[in-house]
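S.K.: One structure, pasted below without further comment.
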Amino acid sequence: MDIDEIERVEKYWFGDHATWSHEQLLRLVVYGTRTSPPPMTMEELGLLHTPSHRWAEGPTKIKDTSCQDALSPLFGAPYKGTDLSVPPYAQFPARLLPLQAKLWQGMAPMNRNRWLQRQMGDPANYRNLMELINDILAIFKWWNEESVQHRMRAGFNFLVDKHVEFAAPVNDRREKNGVPQKLDLAAMWAEYFYARISAMSERTHQWLVDRVDEVQSRAFAEYTVTLESAGDDQQAVGAAGKKLYECVQDLNAMITKVDYTLGIPMTGFKGHKASSNASVLSLDIRDDLYQKLAATKSWTHMEKMLKAQDAEAATEQKPPKDISELVAQMKKGPQPAAPRFQDQETLIAHYHEGRRNRAEIRSALRGAPAPPADEQWIAILKGRMDFYIANGRDPKTHQWGFVCYRLTYNQTDTEWADFMAKLRADMDNSRSGEWIQGFDSIADRAGLEMYDGRDLGIAEGDIEAAKKHFKETYTMLPTLGRMWAQDFLVIDAQSYSSYAHPEPEIERPPVPFGPCFGDKGGFVRLVDTIEYPAGMLDAMSPGYQGELKVLSSLVFTEVYPLLATFALRPTSLWPLARLHPREVYVGNTIDSQEAWWEFCRIDMVAMMDGIFADLRKKKAALREK
972 MDIDEIERVE KYWFGDHATW SHEQLLRLVV YGTRTSPPPM TMEELGLLHT
1022 PSHRWAEGPT KIKDTSCQDA LSPLFGAPYK GTDLSVPPYA QFPARLLPLQ
1072 AKLWQGMAPM NRNRWLQRQM GDPANYRNLM ELINDILAIF KWWNEESVQH
1122 RMRAGFNFLV DKHVEFAAPV NDRREKNGVP QKLDLAAMWA EYFYARISAM
1172 SERTHQWLVD RVDEVQSRAF AEYTVTLESA GDDQQAVGAA GKKLYECVQD
1222 LNAMITKVDY TLGIPMTGFK GHKASSNASV LSLDIRDDLY QKLAATKSWT
1272 HMEKMLKAQD AEAATEQKPP KDISELVAQM KKGPQPAAPR FQDQETLIAH
1322 YHEGRRNRAE IRSALRGAPA PPADEQWIAI LKGRMDFYIA NGRDPKTHQW
1372 GFVCYRLTYN QTDTEWADFM AKLRADMDNS RSGEWIQGFD SIADRAGLEM
1422 YDGRDLGIAE GDIEAAKKHF KETYTMLPTL GRMWAQDFLV IDAQSYSSYA
1472 HPEPEIERPP VPFGPCFGDK GGFVRLVDTI EYPAGMLDAM SPGYQGELKV
1522 LSSLVFTEVY PLLATFALRP TSLWPLARLH PREVYVGNTI DSQEAWWEFC
1572 RIDMVAMMDG IFADLRKKKA ALREK
C-alpha cells in the first residue's frame, strides 16, 4: 500500500486543508456612457504612446517618455522620483477583494439565482443578509478612510496632471488644424470618476434596499399568517412577534448605515465641481445629515418597544455567573418570549413606522433612485460584440465566454450527455442573469467553446498539455466581447463527479453556526495561463498552483466579467476557494460560511492526519516483522 500516493490523491480531491485556515484568510491583505467634453480622436489616442517632441507643433522639452510612460507608477512602476507623492495602492483584506471588485465594476453584489441557492430571502436566515451588508459597509468605510482617500486623490490628480500636460500640445495641433473644440482631459476624468462612483454607490445601495425590503416583507407576511393560526395562544403570538421584531429591527439598523455610508467623497479631486449628490460628500457629513433628518420624524412605536424592553430588563433573570448556572438555564429549555412581543398593535405599527420613516429620510438624503442602466461591463461588451459583427464576424456563431477542455474520458456517451445537460442548466443565463441589469441583452451570445482532449491527443487530466494547446491557439489580446484568451476551463474527473455524485446539501449547520446553504453545487476548473513571481503568490495567494475550481453557475455572470474587465485575476479568488471544504470558489463569502468551513476544516485535518499517521504506523510495524 502506497500511503503517500493515497494521501496525495486525497489532497488532490479535497485540498490540503492543513496548510490553510480561517485565521490566515483574515490576516491576508493585498495591494491594490460617454463623457460630455469632446473625446480624443483615434490619432490623438495614438499620441498618448509617443513622446511629445516627436509630434508637437511648438517647442517642447525633449523627453523620450510618452504620456502613457509617465503614468507607469500608477500601474506598479516605482513612484519615487516622480510627481506622485505617495504609492497609489493601499492594503485591503483579501477575503473582501472579490466583493470589492464587483462593486467597483458596478456589478450587483449577487444575482437572483445565487440568492435563492443561499436561501438568503428566508427571514429565518436574515443574519446572512446582515453579514453581507456588514462586509459591504466595511468596503465603503475603507474607501472613506482618510489614508485611503489621500492615496486615491494623489493617484487621480497625478493622472490628471499628466493628461493636462499632454492636452496642451494636442490643443495647439487642433487650433492649427482649424478644430475649435478644446480637449479638456481634467473635466473628462472628473466626470468619468464621478459617474463611476455614483453609479456604483447607487446600484449597490438600491440592491440592498430591495433585498432588505424583500426579507422584511416576507417576515411580516409570515407573522400575519401565524397570528391567524395562533388564535388566543399568547405564547405562540409572542414567539412570532419576537421573530418579526428581531428581523425587522436588526435589518433597520443595517439599512440605516447603508443609507449614509454608501458613497465616496471627491473633495480635492482635480476637475470635480461641487455637487448636491450626497454620495460624494464626506462620510461625516452624510452621517450628520441623516441624524438631523431622522430627528424630524416621529418614532413613537419604536420608543414604546424600547421602553418596554428596558422595563423588562429590570426584572429579567441575570446572565449566568458560571458554567453550572448556564447548564441549569439550558435544562429549562426555551423560555416564552417577553410580554412586549405579544403587543400585536404596537409591533405592526413599529414595522410600518420604520419602513415609512426610513424611506422618507432616504429620499431626502440621496434623492430618487436613478433609472437602472446596464452594468458597465455589459455596455462595453455589447459595443465590442457589435464591432466584431460589423467587421465580418457571423452574428449567429460569434460568442463571448470561455474555452473549455474535456479531460475526463471514462464516461459513456449517455453519461457525458447527461453531465453536459446538467452543466448547461447550471449556466442557464435566463436564471443566473436576473438582477444583473442588461444581462438579458447579451445572455444568448454567451457560450463555451468545447474541445475534447482525445481529439487533440491530450492524455486524461493533462492540464499542461491543454494549456499548451490553448496558448498556441488563442493568441489574440484578451478582451471583453469574445472568448476569453487568458484563462480557460477544464472538465476533469472532479468536475464530472460534482454532477454525477453531488454532495447532499446540509439542512442547517448545528448551533452555534448560522445557516450556510448553496455551497455544494457543481463546479468546473479554471486554469490560469499567467506566470507569476513566486514571492507575489506567497504574499497574496499562498498555495496557489495556477488553477482553482469555480461554481459553474458563476462562470458567465461573475467570473467572466471580473476577469475580462481586468478587475482581478484568479489569484484573488483563490484565498476564498481554499477555505471551502472542496476548495471551490462559490462567490463572495460571509462570516457564517467561513466559520462553518473552518469547523469542517479542523475536523477533516484532525481526522485525516490521524488516519494517515495510523496507517504509516501499521505499515512500519509490518515491515519490522
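First residue of the sequence shown: 972, per the numbering used here; consecutive thereafter. Glycine included, every Cβ here is placed at the ideal spot set by N, Cα and C.
Ignore the nearest five residues each way along the sequence and tell me which others in Gly1493's own chain have a CB closer than 6 Å to its CB.
M.R.: Around Gly1493: Asp1397, Ser1469, Tyr1470 and Ser1523.
S.K.: Considering only the beta carbon of each residue, do Phe1488 and Arg1089 sit closer than 8 Å?
M.R.: Contact: yes.
S.K.: The alpha helix (DSSP H) that contains Ile1349, what's its start and end?
M.R.: Gln1347 to Ala1361 is the extent of the alpha helix (DSSP H) around Ile1349.
S.K.: Need the endpoints of the beta strand (DSSP E) that Gln1367 sits in, please.
M.R.: Residue identity differs from the one stated: residue 1367 is Lys in this sequence, not Gln. Note, Lys1367: premise wrong, no beta strand (DSSP E); not H, not E.
S.K.: Who are the Cβ neighbours of Tyr1380 in its own chain at under 8 Å, not counting the five residues just before and after it?
M.R.: Closer than 8 Å at the Cβ level, and outside the excluded window around Tyr1380, lie Gly1424, Arg1425 and Glu1431.
S.K.: What runs of the alpha helix (DSSP H), each 4 residues or longer, lie entirely inside the region 1168-1251?
M.R.: Taking only runs of at least 4 residues, the alpha helix (DSSP H) segments lying wholly in the region 1168-1251 are 1205-1232.
S.K.: So which of Pro1546, Pro1480 and Asp1054 has the shortest CA-CA distance to Met1511?
M.R.: Taking only the C-alpha atoms, the option nearest Met1511 is Pro1546.
S.K.: Just to confirm the assignment, what range does the alpha helix (DSSP H) spanning Gln1280 have?
M.R.: Per DSSP, Gln1280 belongs to the alpha helix (DSSP H) from Thr1271 to Thr1286.
S.K.: Taking C-alpha atoms, which residue in Arg1122, Pro1080, Gly1372 and Arg1098 lies nearest to Gln1062?
M.R.: Closest by alpha carbon: Arg1122.
S.K.: Out of curiosity, what's the CA-to-CA distance linking Ile1413 and Leu1055?
M.R.: Cα to Cα, the separation comes out at about 40 Å.
S.K.: Run through the DSSP bridge pairs and tell me what Met1454 is partnered with.
M.R.: DSSP, once it has assigned bridges, lists Gly1372 as partnering Met1454.
S.K.: Quick check for students: name the residue ranges of the alpha helix (DSSP H) that lie wholly in the region 1059-1105, counting only runs of 4 or more.
M.R.: The region 1059-1105 contains these whole alpha helix (DSSP H) runs: 1068-1075 and 1083-1088.
S.K.: Can you tell me whether Gln1313 is buried or exposed, with buried defined as 16 or more other CB within 10 angstroms of its CB?
M.R.: When all chains shown are included, Gln1313 counts as buried.
S.K.: Closest to Tyr1491 by C-alpha separation, out of Pro1080, Glu1476 and Val1482, would be which residue?
M.R.: Here the sequence assigns Lys to residue 1491, which means Tyr is not the residue at that position. The residue with the shortest Cα to Cα distance from Lys1491 is Glu1476.
S.K.: Is it buried or exposed for Gln1564, if we count other Cβ within 10 angstroms and need 16 for buried?
M.R.: Buried: at least 16 other Cβ atoms inside 10 Å.
S.K.: Give me the residue from Trp1075, Glu1185, Leu1045 and Val1141 with the minimum Cα distance to Phe941.
M.R.: No information on residue 941 is available, as it lies outside the stretch 972 to 1596 that the chain covers here.
S.K.: Taking the straight line between their C-alpha atoms, what separation do you get for Val1347 and Glu1405?
M.R.: Looking at the sequence shown, residue 1347 is not Val but Gln. Going by the C-alpha atoms only, they are around 16 Å apart.
S.K.: Tell me whether Leu1593 sits in a helix, a strand or coil according to DSSP, three-state version.
M.R.: Here Leu1593 sits in helix by DSSP.
S.K.: Between Gln1370 and Ala1417, is the Cβ-Cβ spacing less than 8 Å?
M.R.: Yes, these two residues count as a Cβ contact at 8 Å.
S.K.: Counting only the same chain and skipping the five closest in sequence on each side, list residues whose C-beta sits under 8 Å from that of Pro1080.
M.R.: Same-chain partners within the cutoff: Leu1070, Lys1073, Leu1074, Leu1103, Ile1107, Thr1175, Trp1178, Leu1179 and Asn1559.
S.K.: Where do the ends of the beta strand (DSSP E) carrying Gly1418 lie?
M.R.: Counting along the chain, the beta strand (DSSP E) containing Gly1418 begins and ends at Ala1417 to Asp1423.
S.K.: Is the beta carbon of Gly1452 less than 8 Å from the beta carbon of Tyr1359?
M.R.: Yes, they are a contact pair.
S.K.: Less than 8 Å between the CB atoms is what I'm expecting for Tyr1165 and Met1237, so what's the real figure, rounded?
M.R.: At roughly 6 Å, the Cβ-Cβ gap stays under 8 Å, so Tyr1165 and Met1237 are in contact.
S.K.: From which residue to which residue does the alpha helix (DSSP H) around Asp1258 run?
M.R.: Element bounds for Asp1258: Leu1254 to Ala1265.
S.K.: Which residue's Cα is closest to the Cα of Lys1214: Ala1190, Thr1227 and Arg1144?
M.R.: When only C-alpha atoms are compared, the closest one is Ala1190.
S.K.: Does the beta-carbon distance from Phe1240 to Phe1373 come in below 8 Å?
M.R.: Against a cut-off of 8 Å, the Cβ pair of Phe1373 and Phe1240 comes out as no contact.
S.K.: Alpha carbon to alpha carbon, how far is Thr1598 from Lys1278?
M.R.: Past the boundaries of the shown model lies residue 1598; the chain is included only from 972 to 1596, so the question cannot be answered.
S.K.: Looking at C-beta atoms only, is the number of pairs between the region 1130-1142 and the region 1253-1261 that lie closer than 8 Å three or more?
M.R.: Output reads no: the region 1253-1261 does not touch the region 1130-1142.
S.K.: CB Arg1496 to CB Tyr1422, shorter than 8 Å?
M.R.: Against a cut-off of 8 Å, the Cβ pair of Tyr1422 and Arg1496 comes out as no contact.
S.K.: Is Lys1051 helix, strand or coil when you go by DSSP?
M.R.: Note: Lys1051 maps to coil in three-state DSSP.
S.K.: State yes or no: is the C-beta of Ile1110 within less than 8 Å of the C-beta of Leu1156?
M.R.: No, Cβ-Cβ distance for Ile1110 and Leu1156 is not below 8 Å.
S.K.: Report buried or exposed for Lys1263, applying the criterion of at least 16 other Cβ atoms within 10 angstroms of its Cβ.
M.R.: With fewer than 16 Cβ atoms within 10 Å of its Cβ, Lys1263 is classed as exposed.
S.K.: Cα separation between Gly1003 and Pro1552?
M.R.: Per-residue confidence for Gly1003 stands at a pLDDT of 39, beneath the threshold of 50, marking its modelled position as unreliable; the derived number appears in the next sentence. The straight-line gap from Cα to Cα measures roughly 28 Å.
S.K.: Closest to Val1219 by CA distance: which of Gly1202, Gln1306, Gln1205 and Glu1193 is it?
M.R.: The candidate whose alpha carbon is nearest that of Val1219 is Glu1193.
S.K.: Suppose you measure from the CA of Gln1206 to the CA of Ala1308; what does that come to, to the nearest Å?
M.R.: About 7 Å.
S.K.: Between which two residues does the alpha helix (DSSP H) carrying Glu1518 extend?
M.R.: Looking at the DSSP string, Glu1518 is not in any alpha helix (DSSP H); the run it does join, the beta strand (DSSP E), is Glu1518 to Leu1522.
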